[in-house]
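Colleague: Right, I'll just put the structure down here and ask away after.
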Amino acid sequence: MTIQWEIKAFDALTVHELYDLLRLRSEIFVIEQNCVYLDLDGKDKVALHLIGSFEGKIVAHSRLFKPGISFDYASIGRVTVDANYRDRKWGHDLMRESIAGIAHHFGESKITIGAQLYLKKFYESHGFVQTSEMYLEDDIPHIEMKRE
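Quick look at the structure:
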């Protein structure tokens, strides 16, 4: 069985989907990365949510933004894959689906991301290039990357 992908606006998410994707993000960004930060930044309401489900469980998620919300270009954020499924390389599928979702829903090919530095090579494999010096966001090293 393969992962099932779906893109939804915030208002189209069920209460259960919202709970599950917020829990997934908390498991990764707060617990796994030992980082206390405010995940609920107000941007979920204006994002499109790419959800990857496997056997009825949300195992992957990203937020897709039109230009002007997070960056001048369209953007992808909160890229998450459940730790129990990372061996399946679904992070690559998630990025391909995210890039395609930006193109389909916003008609954009230029994308900017704020990437955790340790994932630089991962994002480079999807056509992103580093465009900033390292900066700290929530005490985690990040870089800005663009795909044109």
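So for the sequence shown, full-length UniProt numbering puts the first residue at 1; every next one is plus one.
Where is the CB? At the ideal position from N, CA and C, for every residue including glycine.
Being a predicted model, the structure only gives us computed values, none of them experimental.
Buried or exposed, going by whether 16 or more other CB atoms sit within 10 Å of the CB of Glu-97?
Modeller: Counting C-beta atoms within 10 angstroms of its own C-beta, Glu-97 has 16 or more neighbours from the protein chains shown and is therefore classed as buried.
Colleague: Return the bridge partner residues of Glu-6 from the DSSP annotation.
Modeller: Beta-bridge pairing links Glu-6 to Ile-51.
Colleague: With which residues is Phe-65 paired in a DSSP beta bridge?
Modeller: Ser-75
Colleague: Going by beta-carbon coordinates alone, are Ile-73 and Ile-111 separated by less than 7 Å?
Modeller: Going by the sequence as given, residue 73 is Tyr instead of Ile. Cβ distance < 7 Å, so Tyr-73 and Ile-111 count as in contact.
Colleague: Helix, strand or coil: which one does DSSP assign to His-142?
Modeller: strand
Colleague: For Asn-84 and Leu-94, what's the separation of their Cα atoms in angstroms?
Modeller: 15 Å
Colleague: Going by beta-carbon coordinates alone, are Ile-3 and Gly-52 separated by less than 7 Å?
Modeller: yes
Colleague: What does DSSP give as the partner residues of Glu-137 in its beta bridges?
Modeller: Note: Glu-137 sits in a beta bridge opposite Ile-140.
Colleague: Going by the DSSP bridge assignment, what does Ala-115 pair with across the sheet?
Modeller: Under DSSP, Ala-115 takes part in a beta bridge, and its partners are Ile-143.
Colleague: When the Cα atoms are used, what is the spatial distance from Ser-109 to Arg-63?
Modeller: 16 Å
Colleague: Can you give me the Cβ contacts of Tyr-37 inside the same chain, cut-off strictly under 6 Å, excluding the 5 residues immediately before and after it?
Modeller: Asp-138
Colleague: How far does the alpha helix (DSSP H) with Gly-91 in it reach, from first residue to last?
Modeller: 90-106
Colleague: Give me the Cβ distance between Lys-45 and Ile-69, rounded to the nearest whole Å; I'm assuming they're in contact under 8 Å.
Modeller: Not really, about 11 Å apart at Cβ, beyond 8 Å.
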